[in-house]
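Chains as they are written, first to last, in our numbering: chain W, 1 to 292; chain L, 293 to 659; chain Y, 660 to 971.
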């Protein structure tokens, strides 16, 4: 512990990273670690519960703190849970939205940033204003529209509303604008069509923005609860969020507490693993999207 | 593959602002033409209009008699080297050079042959598989030229291609460009604000200022017979000296009375000169030091010395408070603070009227 | 060979277009709009049309099957005479008050503590942001299993000391606090990261200068760090206000608005009105009220981020 604080005092960049502050540093570090432990406690609790046999838990909750632990709850998921179906639904919906968003927003970003057409600036401002429209202001009408189009409880019904989100257009337009215009001009002189310039010359340069937008979109859709709740109401069309929510409505009476927890752990594991591997990109994407 | 370019009464506006006004110009086949002017004079706009990157509001641009200002950029048969080079960052050097050829379905064998030839000529063969990010500034510059060469265009356009290079590399590349120019027979238009580039590279220079052409001529024309006071100021270093003079006539030529009363007999023809008060221009190399007290000289005090090795520039404060630059030998013994006299060479003078139009001294002795 | 070079260059064969048809690369042409058209179709059909349709619906007695008859502002009158709606607005503001200052403050403290390049700090940052990638249903599941009486974590810990845990999910004075705790746990990663990136923008030599001037920890924070991140602080607060104003999942899943509507936020009210009672007109009217409130916050955000641009 003391060695850790010593290194932090040497390499830190902040105000507390200076020489002669190690006592204060140590206190701060200890407090932060304590906070992290409190932060982790609920997660650990859930994981611990998922590893316990239900009968034992019913007897006393203190059983959580000692062996035996079992993986039986997880094995049960394989046979009895709908969680795979939900994950598949979520993958299809999130993947579909991400793909659609990247295509639409890249095209639109290039269009707004590079091509001139009548009313371009007015249209762009209108799209920007669209950023301020909260989902709730359009949900009810959208729901009715989708009822008439018989799109509820279909994948398109779950995917399409997201494709109207203006954020990606804004992001891609900014990114295309930052690419030197001489590249377009060189390509024009190289006899490339507008689409070829977009596809061959500029799009490969927008990969970082595509990653940001893709991650942010995927995560937002994966975690969305409201629209799938009102649109995908049939059990086989549940997304993961709605599915998990449906299991917990009255778990106070549930006899399968450990099973429930294992299902939750199983459901959140993929996204947490992705987070551990792509933390840098995810953090950049999410905070970039927040500040816009 | 070469072309004669005809620019006829071209006007360009951005909204209410006119950036080029009724401008005409003809570039001969195989000519190396330099557009020279201060930033904002419209020279780059004119180049981009030839390339098709800017529209032409009035007038026409033709190549070999065929009108091109109505064609999209890619179909004008023109290649351009950009100031920033504009290489495609994600493509290799070879792909950068081949891109334009693939777009017009040139057969692969032809592309390979042209790339190989350009690589040999520019000595970039070992760079062909690299990306632009892995190249130095000078290498990028060659690749940009290579990308233009392989297209075998009717004309090359260069938009200040040397301005992103450091001073030493710029001089070297300038020499290489001059050599390249002898090997690649094509019409070339080169835009710069650097008079040395213009003087060293050009067959002819177009000096532009304030929406218009000030003068078109060979580099020596521009230097020796600047058409206007602007050209006289812009071309040549140090800049030309200007003195207010009162004129009189003697045997058909003008005699100028200098500010200190000294008389300078010039070889500028007097016929047609009406205003008696005009501005005399004279370059530093035509102003020499002499012993104080001589007749018809201008006395002054040396304030600044610039020793350039082969010659020395003397910045001399005259009695009326104005400054004049004179040239002395490299080993000049003049020191700061010295009181000296200057003698002006009347056969190398220029006269500028109130509108800035010029008349030049004639070299009588040499016919 | 010559005809291979720049194949397009045979202008003599093509009719010379008139000035009007000139291929100007910068001219506003309708066909250039083809790149933005696909998105605009979605934008108009799924955002703009529903937005105005929603406003239209809020003026009608609409149900699940038809838009019904025009009732003017009757839905709004009903709303503001509805005790539960007013309570929902109150609840929402209360929730924002509970969460936003806490999120900003905790986020800032964590950022200050973790703004260093050590492995420990990196691991801790990973932990504190991890909850942000979870979905609301997982978060509420976790926190219900903490708060739930009997087999919850809290009950178990209290049990060790022979005490009974407060009834976080049923005591009317505690439910909002329970939801707020879960929300802070879920959302604290973003403010922390925003503050961290702001802190990293501060040039290090300022701190060296302050150290030479013998400035203490608090003094350094007050006169150097905080002024440099003041704008980020305002931005974080506004972002969180907009975000927390839309509280829905936590309230629905942890307490379902109860007991007796003390934890019903605005969005849950809209959901209940529109999708449980199918009183779409009323739901739409409530949505417009929420829209107006969020628009004010978004306007502030726009002004703040614009000022940022001007300063830079």
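Even glycine gets a Cβ: it sits at the ideal position worked out from N, Cα and C.
### residue 407/L at chain Y interface by Cβ criterion, 7 Å
Taking the second chain and counting its residues from 1, one reaches residue 407/L at position 115. Taking Cβ atoms only, chain Y never reaches closer than 7 Å to residue 407/L, which makes this a no.
### Query
Are the segment 715–735 of chain Y and the segment 180–187 of chain W in contact at 8 Å, needing three or more beta carbon pairs?
no
### Query
In terms of alpha-carbon separation, which member of 460/L, 346/L, 415/L, 320/L lies closest to residue 481/L?
For the purposes of this step, residue 481/L is taken as residue 189 along the second chain, with counting starting at 1. Ranking 460/L, 346/L, 415/L, 320/L by Cα distance to residue 481/L puts 320/L first.
### Of the listed residues 788/Y, 949/Y, 686/Y, 832/Y, nearest to residue 762/Y (C-alpha basis)
In the third chain, counting from the first residue as 1, residue 762/Y sits at position 103. When each option's Cα is compared against that of residue 762/Y, the closest is 788/Y.
#### Entry: Beta-carbon proximity list for residue 92/W, same chain, < 7 Å, skipping 5 on both sides
Mapped onto the first chain, residue 92/W falls at position 92. Same-chain partners within the cutoff: 155.
### Task
Can you give me the Cβ contacts of residue 841/Y inside the same chain, cut-off strictly under 7 Å, excluding the 5 residues immediately before and after it?
Start at 1 with the first residue of the third chain, and residue 841/Y comes out as number 182. Answer for residue 841/Y: 798, 799, 802, 909, 913, listed in chain order.
### Message
Using a 10 Å radius around the Cβ and a threshold of 16 neighbouring Cβ atoms, would you call residue 404/L buried or exposed?
### Response
By one-based count along the second chain, residue 404/L stands at place 112. Exposed, since its Cβ has fewer than 16 Cβ neighbours within 10 Å.
#### Entry: Exposure label - residue 222/W; buried when at least 16 CB within 10 Å
For this step, residue 222/W is matched to residue 222 along the first chain. That one is buried.
#### Entry: Selection of the segment 327–352 of chain L by Cβ proximity to chain Y, strictly under 8 Å
344, 345, 346, 347, 348
#### Entry: Contacts around residue 45/W, its chain only, beta-carbon distance under 8 Å, and the 5 residues preceding and following it disregarded
For the purposes of this step, residue 45/W is identified with residue 45 of the first chain, where counting begins at 1. The residues are 64.
### Query
Can you tell me where the beta strand (DSSP E) with residue 413/L in it begins and where it stops?
Mapped onto the second chain, residue 413/L falls at position 121. From DSSP, residue 413/L is part of no beta strand (DSSP E) but of the alpha helix (DSSP H) over 400–414.
### Query
Counting only runs that start and end within the segment 325–390 of chain L, where is the beta strand (DSSP E) found for 3 or more residues in a row?
350–355, 370–373
### DSSP state of residue 225/W mapped onto helix, strand, coil
One-based indexing of the first chain puts residue 225/W at position 225. Coil.
### Query
What residue range is occupied by the uninterrupted beta strand (DSSP E) comprising residue 880/Y?
The residue given as residue 880/Y occupies position 221 in the third chain. Counting along the chain, residue 880/Y falls outside any beta strand (DSSP E), and DSSP gives it neither H nor E.
#### Entry: Selected residue, minimal CA-CA separation from residue 521/L, among 367/L, 647/L, 372/L
Within the second chain, numbered from 1, the residue matching residue 521/L stands at position 229. Measuring from the Cα of residue 521/L, the nearest candidate turns out to be 647/L.
#### Entry: Positions along the segment 103–119 of chain W whose CB lies within less than 7 Å of some CB in chain Y
104, 105, 107, 108, 110, 111, 112, 115, 116, 117, 118
### Query
What are the residues that DSSP puts in a beta bridge with residue 172/W?
Within the first chain, the letter at position 172 stands for residue 172/W. Note: residue 172/W sits in no beta bridge, so no partner.
#### Entry: Given residue 796/Y as reference, the closest of 256/W, 28/W, 238/W once Cα atoms are compared
As a first step, residue 796/Y must be located in the third chain, where it is residue number 137. Among 256/W, 28/W, 238/W, the Cα nearest to that of residue 796/Y is on 238/W.
### Task
Kindly indicate if chain W contains any beta-carbon less than 7 Å away from that of residue 391/L.
As a working note, residue 391/L is residue 99 in the second chain. Output row for residue 391/L: interface = yes.
### Task
Consult DSSP for residue 305/L and reduce its assignment to one of helix, strand or coil.
The sequence position of residue 305/L within the second chain is 13, counting from 1. Residue state, collapsed to three classes: strand.
### Query
Between residue 854/Y and chain W, is there a C-beta pair that is closer than 7 Å?
As a first step, residue 854/Y must be located in the third chain, where it is residue number 195. With 7 Å as the cut-off, residue 854/Y does not count as an interface residue toward chain W.
### Message
For the segment 222–235 of chain W against the segment 157–164 of chain W, do three or more pairs of beta-carbon atoms, one drawn from each stretch, fall closer than 8 Å, so that the two count as touching?
### Response
yes
### Own chain, CB closer than 8 Å to residue 569/L, minus 5 neighbours either side, in chain order
On the second chain, position 277 is the one that residue 569/L refers to. Excluding sequence neighbours, residue 569/L sits near 536, 537, 538, 539.
### Query
What first and last residue would you give for the alpha helix (DSSP H) that runs through residue 468/L?
On the second chain, residue 468/L is found 176 positions in, with the first residue counted as 1. Here the alpha helix (DSSP H) through residue 468/L covers 459–475.
### Message
Would you say residue 376/L lies against chain W (beta-carbon separation less than 7 Å)?
### Response
Position 84 of the second chain, counted from the start, is the residue given in the question as residue 376/L. It does; some Cβ of chain W falls within 7 Å.
### Task
Select from the segment 422–445 of chain L all residues with a C-beta closer than 7 Å to any C-beta belonging to chain A, and list them in chain order.
The question asks about chain A, but that chain is absent: this structure's protein chains are W, L and Y.
### Message
Within 10 Å of its beta-carbon, does residue 14/W have 16 or more other beta-carbons around it, so buried, or fewer, so exposed?
### Response
On the first chain, position 14 is the one that residue 14/W refers to. For residue 14/W, the predicted structure reports a pLDDT of 45, less than 50, and the residue's modelled location is therefore unreliable. The matter cannot be settled from this model.
### Message
According to DSSP, residue 573/L sits in a beta bridge with which residue or residues?
### Response
Translated into positions along the second chain, residue 573/L becomes position 281. For residue 573/L, which the question treats as bridged, DSSP gives the partners 534/L, 642/L.
### Task
Measuring only between beta-carbons, confirm whether residue 684/Y sits less than 7 Å from chain L.
What you label residue 684/Y is simply residue 25 of the third chain in a count that begins at 1. Chain L contact via Cβ: present.
### Task
Measure from the alpha carbon of residue 104/W to the alpha carbon of each residue in 905/Y, 699/Y, 949/Y, then state which is nearest.
By one-based count along the first chain, residue 104/W stands at place 104. Residue 699/Y is the option with its Cα nearest to residue 104/W.
### Task
Give the straight-line distance between the Cα atoms of residue 380/L and residue 448/L, rounded to the nearest whole angstrom.
The residue you call residue 380/L lines up with position 88 of the second chain. The residue you call residue 448/L lines up with position 156 of the second chain. Rounded to whole angstroms, residue 380/L to residue 448/L spans 19 Å at the Cα level.
### Alpha-carbon spacing of residue 430/L relative to residue 867/Y, whole angstroms
In the second chain, the residue the question calls residue 430/L occupies position 138. In the third chain, the residue the question calls residue 867/Y occupies position 208. Taking the straight line joining both Cα atoms gives about 40 Å.
### Task
Show which residues of chain W have a CB atom less than 7 Å away from the CB atom of residue 381/L.
Indexing the second chain from 1 puts residue 381/L at position 89. Under the 7 Å cutoff, chain W gives 205.
### Query
Between residue 759/Y and residue 865/Y, is the Cβ-Cβ spacing less than 7 Å?
Looking up residue 759/Y in the third chain gives position 100. Looking up residue 865/Y in the third chain gives position 206. For residue 759/Y and residue 865/Y, no; Cβs fall outside 7 Å.
### Query
From residue 924/Y to residue 309/L, what does the alpha carbon distance come to, in whole angstroms?
Residue numbering aside, residue 924/Y sits at position 265 when the third chain is read from its first letter. Residue numbering aside, residue 309/L sits at position 17 when the second chain is read from its first letter. Whole-angstrom Cα-Cα distance: 57 Å.
### Query
From residue 286/W to residue 261/W, what distance separates their C-alpha atoms?
As a working note, residue 286/W is residue 286 in the first chain. As a working note, residue 261/W is residue 261 in the first chain. Rounded to whole angstroms, residue 286/W to residue 261/W spans 27 Å at the Cα level.
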